[in-house]
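What follows is a single structure, written as structure tokens, with notes after it.
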Amino acid sequence: MTSIQDRTNEFKTCVESIRSRSTLGNRGMEAKQRLLQNRSGTKSEFSRIASTIGKEISSTSLKLNKLGQLAKRKTLFDDRPVEISELTFIIKQDIAGINKQIAQLQAHAKQQEAKSASTSAEGKQIEEHNKNIIMMLQSKLADTSMTFKDVLEVRTQNMKESKSRTEQFMYTASTAANHPPSMLYNTQRGGADPMGDGSVAKFDPKGKGRAAQNGDMLALDLDSAEEGTGNANGSAFMQMQLVEQQDSYIQQRSTAIESIESTIAELGQIFTQLAHMVAEQGERVQRIDADTQDIADNVRMGHNELLKYWGRISNDRWLMLKIFGVLIVFFLLFILVS
Amino acid sequence: MKIFAMSVLLAPPSGTTTVLSSASDLSSFSFFQRGSIEEFMTFFAKTVSERTAQGQRQSVQENNYIAHVYNRGGAEQLCAVIICDQEYPVRPAFSLLTKLLDDFTAKVPQTSFSQPSSIAFPEIQNYLQKYQDPTQADTIMRVQQELDETKIVLHKTIESVLQRGEKLDNLVDRSNALSSQSKMFYKQAKKQNSCCTVM
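If you're matching them up, the sequences are chains A and B in order.
Residue numbers are given in the UniProt record's numbering: position 148 of the first sequence equals residue 148, and the series is strictly consecutive.
Residue numbers are given in the UniProt record's numbering: position 17 of the second sequence equals residue 17, and the series is strictly consecutive.
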């Protein structure tokens, strides 16, 4: 990462070495010397502050690199949370400080601009140069903070992974500690929480990061539990049984909310099933409707036919008598013949 | 599932804690025991809050009582303790403690922390009463409960929809049969009519 470097000293030494080599043009050399001295003497406050800011940005980026290296490590047990949290804190403070300094510099430059309101070409150039320097410093700071954010994301990712792996390996230990009441007599304040104080400001204030540490501390605490048993039995005092919380509060909340989410998804599925069934039944209802129409039609037509028949029958009495007469005639004929 | 006592304490990292506000519900104990039990609760609360580091949550069990402690630290160095029985669910207890601390810091100015007797915080009693039934008071639990009820209702609905389907099937079959029968009836009637046209 390039930074603003102050090379006027080098320039001076170069000039002096050249001067010591050549003996010509002493007056020219004197003039040059005077110019050099003037320049080094009246170095503007602006460039001084800008150079300090540049140096700080470069040192912060170095620290950030180191933090990135630490955060990338994926080992389960060699994790150094204290260092990482300290570094994070320091880097955060540095970035805030640099930010403030840049703001001050900007205000200072604006002040100078307002004071001198020079219309000379040189003055305008100086102002533009100052503005450019400020912009460059700000963009460098923005880059640094973006990298910082990325490193923090990588760190939380790795912590999540290591926690899940820890759970896998330490699962039996944690269940063994949960069931029998552990006689842990925990009087040390900071003992169980190496990360809580350092990074409260950085992480979620409810201490999301502590989840990994509780699981890790379990293996050590079981040893101290053995010693603690001996001591506690001897005391006639109230025996306080400390229930070590395996899942921190935040994890419980997240599991509860996840279960709510899954319940809602289930409900959605049930609703779609319901809609499907009702749609299918709608088709059946349509079939029934068509059938009943057919039935109504058929019955009506049949009824009409019967009415016609009945009408015919009731109008044809004469024909009936005629038919009977013909039949009787035939009967008589058959009897007469036989 | 009962809460016995709740209290807010001032817990500086070194030295003694002082009780700033507390409330208790000892109606389940006989009248003569209440005094000593109240003392015990205060002592219990003070001890566990002294033993809890800043920014840490802990649960301590002693015989029948569990104390959930949340030492928030911060600028005011406050700590909240709730003493309840073993059945009370842990997570809503801690969310109640967080809520209590937020409310306390909003209502009581920090200057009165040095005179505990001058602090008037009646809401702590309200919280105690309201949270005796955590499923109603805690938002997440209430949502979960309502969702479960809705799920049960939906299951019943699906069952009745299935029955409706069966009945509809029945109806389809019957209407089919009726339709064919009425068709036969019509044909018969027509045939009868068309038969004896001579006479």
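The C-beta atom is built at its ideal place from N, Cα and C for all residues, glycine as well.
Please read all numbers here as calculations on a predicted model, not as lab measurements.
Pull up the CB-CB distance for residue i and residue j, whole angstroms please, since I reckon it's below 8 Å.
{"i": "LEU26 of chain B", "j": "THR18 of chain B", "result": "That pair is no contact at about 22 Å."}
{"i": "VAL60 of chain B", "j": "ALA67 of chain B", "result": "5 Å"}
{"i": "GLN86 of chain B", "j": "ASN64 of chain B", "result": "7 Å"}
{"i": "PHE91 of chain A", "j": "LYS124 of chain A", "result": "Looking at the sequence itself, residue 91 of chain A is Ile, so the reference to Phe does not match. Contact flag wrong, Cβ pair sits at about 38 Å."}
{"i": "VAL151 of chain A", "j": "ALA71 of chain A", "result": "5 Å"}
{"i": "LYS2 of chain B", "j": "SER28 of chain B", "result": "7 Å"}
{"i": "ILE102 of chain A", "j": "ILE134 of chain A", "result": "7 Å"}
{"i": "ILE83 of chain B", "j": "ALA45 of chain B", "result": "7 Å"}
{"i": "ILE53 of chain A", "j": "ILE98 of chain A", "result": "6 Å"}
{"i": "ALA11 of chain B", "j": "GLU50 of chain B", "result": "7 Å"}
{"i": "ARG72 of chain B", "j": "TYR249 of chain A", "result": "Actually they are not in contact, since the Cβ atoms of ARG72 of chain B and TYR249 of chain A sit about 12 Å apart, beyond 8 Å."}
{"i": "LEU267 of chain A", "j": "LEU147 of chain B", "result": "7 Å"}
{"i": "ALA109 of chain A", "j": "PHE11 of chain A", "result": "ALA109 of chain A to PHE11 of chain A, Cβ: 24 Å. No contact."}
Please list, in chain order, the chain B residues whose beta carbon lies closer than 9 Å to that of residue i.
{"i": "ARG284 of chain A", "result": "GLY165, LEU168, ASP169, LEU171 and VAL172"}
{"i": "MET159 of chain A", "result": "Under the 9 Å cutoff, chain B gives no residues; its nearest Cβ is about 18 Å from MET159 of chain A."}
{"i": "LEU105 of chain A", "result": "Those within 9 Å of LEU105 of chain A in chain B number zero; the least Cβ separation is about 32 Å."}
Can you name the residues of chain A whose CB is closer than 7 Å to the CB of residue i?
{"i": "ASN193 of chain B", "result": "GLU305, LYS308 and TYR309"}
{"i": "ASN176 of chain B", "result": "ASP291"}
{"i": "ALA189 of chain B", "result": "GLY302, GLU305 and LEU306"}
What residues from chain A crowd round residue i, counting only those whose CB sits closer than 8 Å?
{"i": "PHE121 of chain B", "result": "Those do not exist, as PHE121 of chain B stays about 23 Å from chain A at its closest Cβ, beyond 8 Å."}
{"i": "PHE113 of chain B", "result": "Within 8 Å Cβ-Cβ: nothing; PHE113 of chain B doesn't reach chain A, min ~21 Å."}
{"i": "residue 255 of chain B", "result": "With chain B running from 1 to 199 in the structure shown, residue 255 of chain B is simply not present."}
{"i": "ILE158 of chain B", "result": "ILE270, GLN273, LEU274 and MET277"}
{"i": "VAL161 of chain B", "result": "LEU274, MET277, VAL278 and GLN281"}
{"i": "THR150 of chain B", "result": "LEU267"}
{"i": "TYR186 of chain B", "result": "ASN298, VAL299, MET301, GLY302 and GLU305"}
{"i": "LEU154 of chain B", "result": "LEU267, ILE270, PHE271 and LEU274"}
Which residues does DSSP pair with residue i in a beta bridge?
{"i": "THR144 of chain A", "result": "Paired residue(s): none; THR144 of chain A is not in a bridge."}
{"i": "HIS68 of chain B", "result": "B:SER59 and B:ILE82"}
{"i": "VAL19 of chain B", "result": "B:LEU9"}
{"i": "GLY73 of chain B", "result": "B:LEU78"}
{"i": "SER24 of chain B", "result": "B:ALA5"}
Is the CB-CB distance between residue i and residue j below 8 Å?
{"i": "VAL153 of chain B", "j": "ILE260 of chain A", "result": "no"}
{"i": "SER175 of chain B", "j": "ILE288 of chain A", "result": "yes"}
{"i": "LEU141 of chain A", "j": "ILE49 of chain A", "result": "no"}
{"i": "ALA177 of chain B", "j": "GLU305 of chain A", "result": "no"}
{"i": "LEU96 of chain B", "j": "GLN281 of chain A", "result": "no"}
{"i": "MET41 of chain B", "j": "LEU128 of chain B", "result": "no"}
{"i": "GLN145 of chain B", "j": "THR135 of chain B", "result": "yes"}
{"i": "ARG57 of chain B", "j": "PHE94 of chain B", "result": "yes"}
{"i": "ASP103 of chain B", "j": "GLU76 of chain B", "result": "no"}
{"i": "VAL299 of chain A", "j": "SER182 of chain B", "result": "yes"}
{"i": "ASN193 of chain B", "j": "LYS322 of chain A", "result": "no"}
{"i": "TYR186 of chain B", "j": "MET301 of chain A", "result": "yes"}
{"i": "THR111 of chain B", "j": "TYR70 of chain B", "result": "no"}
Report whether the distance from the Cβ of residue i to the nearest heavy atom of the ligand MN is below 7 Å.
{"i": "ARG174 of chain B", "result": "The ligand MN is absent from the structure shown, which contains no ligand whatsoever."}
List the residues of chain A whose Cβ lies closer than 9 Å to the Cβ of residue i, in chain order.
{"i": "SER49 of chain B", "result": "Those within 9 Å of SER49 of chain B in chain A number zero; the least Cβ separation is about 12 Å."}
Quick one: list the residues of chain B neighbouring residue i, beta-carbon separation under 7 Å, in chain order.
{"i": "ARG287 of chain A", "result": "VAL172"}
Taking a cut of 7 Å between CB atoms, which residues from the segment 295-309 of chain A lie near chain B? Only those residues of the segment 295-309 of chain A whose C-beta falls short of 7 Å from the nearest C-beta of chain B are listed: ILE295, ASN298, VAL299, MET301, GLY302, GLU305, LEU306, LYS308 and TYR309.
Anything in the segment 25-39 of chain B with a Cβ closer than 7 Å to a Cβ of chain A? List those residues in chain order, please. From the segment 25-39 of chain B, no residue has a Cβ closer than 7 Å to chain A.
Name the residues in the segment 315-332 of chain A whose C-beta lies less than 9 Å from a C-beta of chain B; which are they? Listed by position along the chain: ASP316, LEU319, MET320, LYS322 and ILE323.
Going along the segment 129-144 of chain B in order, which residues come within less than 9 Å of chain A, judged by CB to CB distance? Listed by position, the residues of the segment 129-144 of chain B near chain A (Cβ gap below 9 Å) are ILE140, MET141, VAL143 and GLN144.
Can you give me, in chain order, the residues of the segment 57-69 of chain B that have a beta carbon less than 8 Å from any beta carbon in chain A? Result list: ARG57, GLN58, SER59, VAL60, GLN61, GLU62 and ILE66.
For the segment 78-95 of chain A, list every residue whose C-beta sits within 9 Å of some C-beta in chain B, in sequence order. So the list is empty, because no residue satisfies the distance condition.
Using a Cβ-Cβ cutoff of 8 Å, what residues of the segment 84-95 of chain B are near chain A? List them in chain order. Contact annotation: in the segment 84-95 of chain B, residues whose CB is within less than 8 Å of a CB in chain A are VAL90, ARG91, PHE94 and SER95.
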